[in-house]
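Residue numbers (the numbering used here), protein chains in the order written: chain A, 11 to 248; chain D, 44 to 184.
Shown next, in structure tokens, is the structure this report addresses.
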Amino acid sequence: MKKTFILFLIACFLSLVSSAQAVTPTPTPEDRLAEIRDQLITNIASRVAALKLVEKRGIIGKVSDVTNTQISVTDLQNNTRFVDVDELTKFSSPNFKGTFGISDITKDSTIGVLGLYNKESRRILARFVNVITTPFIIHGGVASIDSESFTLNITTEEGKQMTVDIENITRTSSYATEEGYIRSGFSKIKENYNIVVTGALSLEDKNRMTATRVIFFPQIPVSPKVNSMLDKVNKSSQ
Amino acid sequence: MKTEKIILSFIATVFGLLVAGIAFYLFQAAKTVTPNNTKAVSFATPTPTPVPSIFLTVDRPKDEEVVTSKILVVGGRTTSNAVVIVITETSEDVMEPSENGDFSTTVNLDEGQNVLEIISIAPNGESIRIKKTVTYSQEEF
């Protein structure tokens with residue numbers, strides 16, 4: 011009796027399962043449309059996610075290592091950045107006539123990279139790589155002036171001593187509250203003036219530069235940090 | 044008899060402990076410390092790190108931004124009585140921020156990468172510098 015009851019239960023269960031499988035409906039046009047819509051939504055979502063993951067970026071850095079597929083650079087914030095290079099990457103250099111490629115990029119040269127930055131891998135897939143020169147800018151106090159050779163000795167906040175050559179091309183300006191930003195000249199620069207110099211660093215001497223633009227501030231004193239540096243320089247020269 | 048033994052041993056233990064305690068006290072009191080063996084401990088008062096009298100934040104442009112317009116707006120906030128200098132490779136602009144410290148100017152970009160240096164100088168001469176790279180390109184990729 012018990013056996014018969016169990017067999018009856020199993021039979022009921024199997025019949026229910028088979029009936030459930032049998033009731034798979036044939037897809038209607040509405041269902042097909044819904045399926046296409048879902049597929050489209052999934053595709054768009056994945057594309058949007060991919061677009062958000064990658065963005066256009068441009069960086070400047072000093073080359074620390076070059077291989078056939080990768081350039082390692084140290085950027086302006088002193089971070090090491092990895093730049094991937096492929097067959098679509100274009101290379102150029104202002105001083106190079108003819109074909110310029112990755113093999114022409116040397117260590118310690120400064121390059122500008124424009125490409126696709128992947129936020130996840132933090133790498134840039136380069137599309138354009140150019141060898142460039144960046145302006146050298148210093149800010150500090152005028153330690154001494156040599157009117158004969160048209161040079162300025164400037165002490166920076168970092169304690170660096172820079173010799174600045176003033177050339178004919180150098181544009182000198184000053185800024186004061188009443189006068190505003192006006193054109194000025196080398197003769198108006200005085201010792202202990204707060205000064206900003208833009209130019210190019212000498213290739214032979216790391217502590218020498220040629221100024222293209224000079225801005226000095228007669229009303230603003232030299233930074234306390236620069237002042238302490240100037241005192242040290244004066245004491246050592248005595 | 045048993046209780047007597049227990050009491051006696053208890054008294055002996057207490058007496059022994061007392062003698063040992065007195066002996067230890069006398070030993071410590073008789074001990075002299077030579078000045079050579081002493082170490083002067085001084086607590087140096089920490090010098091507070093000097094708080095700079097100036098701050099600078101540059102909201103626009105973002106670092107490493109790629110723009111399609113040659114004219115770029117540079118803006119941010121600094122100490123209200125500071126002087127702000129915005130320097131590019133070919134131009135510079137000197138300005139004073141508004142009363143709440145906001146400043147804004149426009150610069151012309153060159154094709155490719157441009158280095159923007161924003162310097163804010165306080166009336167006492169202290170300064171802060173921020174460097175940003177902005178690329179002007181109309182290339183599609």
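Beta carbons: idealized from backbone N, C-alpha and C, even for Gly.
Distance between residue j and residue i (C-alpha atoms, nearest Å)
i                : j                : result
Arg120 (chain D) : Lys175 (chain D) : 15 Å
Tyr127 (chain A) : Thr166 (chain A) : 35 Å
Ile254 (chain A) : Ala136 (chain A) : Any question about residue 254 (chain A) goes unanswered here, given that chain A covers just 11 to 248.
Val127 (chain D) : Thr100 (chain D) : 11 Å
Val236 (chain A) : Gly108 (chain A) : 47 Å
Asn88 (chain A)  : Ser82 (chain A)  : 12 Å
Asp75 (chain A)  : Lys117 (chain A) : 6 Å
Gln229 (chain A) : Leu63 (chain A)  : 49 Å
Arg133 (chain A) : Asp94 (chain A)  : 7 Å
Gln80 (chain A)  : Phe92 (chain A)  : 7 Å
Ser183 (chain A) : Thr131 (chain D) : 15 Å
Asp106 (chain D) : Glu214 (chain A) : 31 Å
Phe67 (chain D)  : Thr75 (chain D)  : 15 Å
Val150 (chain D) : Pro140 (chain D) : 16 Å
Leu115 (chain D) : Leu98 (chain A)  : 29 Å
Phe160 (chain A) : Arg181 (chain A) : 13 Å
Lys48 (chain D)  : Gly64 (chain D)  : 24 Å
Thr187 (chain A) : Lys198 (chain A) : 17 Å
Phe196 (chain A) : Phe110 (chain A) : 42 Å
Asp41 (chain A)  : Arg47 (chain A)  : 10 Å
Limits of the alpha helix (DSSP H) - the one that residue i falls within
i               : result
Lys45 (chain D) : 45-73
Contact belief for residue i with residue j at Cβ below 8 Å, rounded distance in angstroms
i                : j                : result
Ile179 (chain A) : Thr143 (chain A) : Not a contact, Cβ separation roughly 16 Å.
Glu201 (chain A) : Ser154 (chain A) : 6 Å
Phe227 (chain A) : Tyr203 (chain A) : 7 Å
Val158 (chain D) : Ile70 (chain A)  : 6 Å
Arg67 (chain A)  : Val109 (chain D) : 6 Å
Ile147 (chain A) : Thr220 (chain A) : With 8 Å as the limit, Ile147 (chain A) and Thr220 (chain A) do not qualify as a contact, their Cβ atoms being about 13 Å apart.
Val137 (chain D) : Ile225 (chain A) : 7 Å
Gln181 (chain D) : Thr111 (chain D) : 5 Å
Ile162 (chain D) : Val232 (chain A) : Not a contact, Cβ separation roughly 14 Å.
Gly151 (chain A) : Leu240 (chain A) : 6 Å
Ser96 (chain D)  : Asn143 (chain D) : Going by Cβ atoms, the distance from Ser96 (chain D) to Asn143 (chain D) rounds to 17 Å, so no, they are not a contact pair.
Phe106 (chain A) : Asp114 (chain A) : 6 Å
Residue i: first and last residue of the uninterrupted beta strand (DSSP E) it sits in
i                : result
Gln80 (chain A)  : 80-85
Arg172 (chain D) : 170-179
Lys100 (chain A) : 100-102
Glu108 (chain D) : 108-110
Ile205 (chain A) : 204-211
Ser74 (chain A)  : 64-76
Glu160 (chain D) : 155-164
Asn14 (chain D)  : As shown, chain D starts at 44 and ends at 184. That puts residue 14 (chain D) outside it, with no answer to give.
Glu135 (chain D) : 135-138
Ser147 (chain D) : 145-151
Gly122 (chain A) : 120-128
Arg137 (chain A) : 133-141
Ile128 (chain D) : 126-130
Asp215 (chain A) : Careful: Asp215 (chain A) lies outside any beta strand (DSSP E) and carries neither H nor E.
Ile114 (chain D) : 114-121
Asp96 (chain A)  : Segment: none, Asp96 (chain A) is in no beta strand (DSSP E) and carries neither H nor E.
Glu100 (chain D) : Residue 100 (chain D) is actually Thr in this sequence, not Glu. Where Thr100 (chain D) is concerned, the enclosing beta strand (DSSP E) stretches over 99-103.
If the cut-off is 7 Å on Cβ atoms, which residues from the segment 55-86 of chain A count as contacting chain D, listed in chain order? For the segment 55-86 of chain A, which is checked against every Cβ of chain D, the residues closer than 7 Å are Lys66, Arg67, Gly68, Ile69, Ile70, Leu86.
At a CB distance below 7 Å, what residues from the segment 135-148 of chain D approach chain A? Give them in sequence order. Hits within the stretch, in order: Glu135, Val137.
Unbroken beta strand (DSSP E) runs of length 3 or more, entirely within the segment 154-199 of chain A: which are they? Counting whole runs of 3 or more residues, the segment 154-199 of chain A contains the beta strand (DSSP E) stretches 161-166, 171-186, 190-193.
Using a Cβ cut-off of 7 Å, which residues of the segment 100-132 of chain D contact any Cβ in chain A, in chain order? Listed by position along the chain: Glu107, Val109, Val126, Ile128, Ile130, Glu132.
Contact set between the segment 138-149 of chain A and chain D, restricted to residues whose Cβ is under 8 Å from the partner: Listed by position along the chain: Phe138, Asn140, Ile142, Thr144, Pro145, Ile147, His149.
Using Cβ-Cβ distances below 7 Å, what residues of the segment 188-213 of chain A are close to chain D? Those residues of the segment 188-213 of chain A that come within reach of chain D (Cβ to Cβ, closer than 7 Å) are Tyr191, Asn204, Val206, Thr208.
Chain D contacts made by the segment 89-100 of chain A, where a contact means CB separation under 7 Å: The residues in question: there are none.
Taking any Cβ of chain D, which residues in the segment 154-175 of chain A have a Cβ under 8 Å from it, in chain order? Cβ contacts with chain D: Glu167.
Residues of the segment 159-172 of chain D with Cβ closer than 9 Å to any Cβ of chain A, in chain order: Cβ contacts with chain A come from Glu160, Ile162, Ile164, Ala165, Pro166, Asn167, Gly168, Glu169, Ser170, Arg172.
To be precise: take each residue of the segment 223-247 of chain A, compare its Cβ to all Cβ atoms of chain D, and keep it if any distance is under 9 Å. Which residues remain? Those would be Arg223, Ile225, Phe227, Gln229, Ile230, Pro231, Val232, Ser233, Pro234, Lys235, Val236, Asn237, in chain order.
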